[in-house]
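Numbering (this note's numbering), first residue to last: 4 to 103.
Backbone N, C-alpha and C fix where the C-beta goes; we use that ideal spot for every residue, glycine too.
From a predicted model like this one, the values you see are computed outputs, not experimental measurements.
The structure appears right after this line, and notes come after that.
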Amino acid sequence: METVLSHSDLEQARRDLRMRRAALIKRQAEELRALTAEQEELDALEKLMQAFSKKFAVASAKPEPMATAPTATSSSQPTRSKYSKTNFELFSQANLSGTF
């Protein structure tokens, strides 16, 4: 059996190809817009990170090494200021003096 192609068959094939091509271009454009939006978000995030680092000097700041606390010897007693009384001491003193 012999198949005969007509001029209208070729035109139909061309229309189908144009429609498929247009749909492909549309999908690519949508995908490209989405990727461009993501790239812009990343660029904005990078700028924010740079501004934050600059504002708070994060990149150049290194934590200071902790100073070692002096070790207490058995003969040393902690000294206390006359102003550093505990709540109990203050309350007791107030009760003894009659001011409560």
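Neighbourhood of residue i by C-beta, 8 Å cutoff - its chain only, sequence neighbours within 5 removed
| i | result |
| --- | --- |
| Ser9 | none |
| Thr6 | none |
Burial state of residue i, where buried means 16 or more other Cβ atoms lie within 10 Å
| i | result |
| --- | --- |
| Ala37 | exposed |
| Gln53 | exposed |
Contacts around residue i, its chain only, beta-carbon distance under 7 Å, and the 5 residues preceding and following it disregarded
| i | result |
| --- | --- |
| Leu13 | none |
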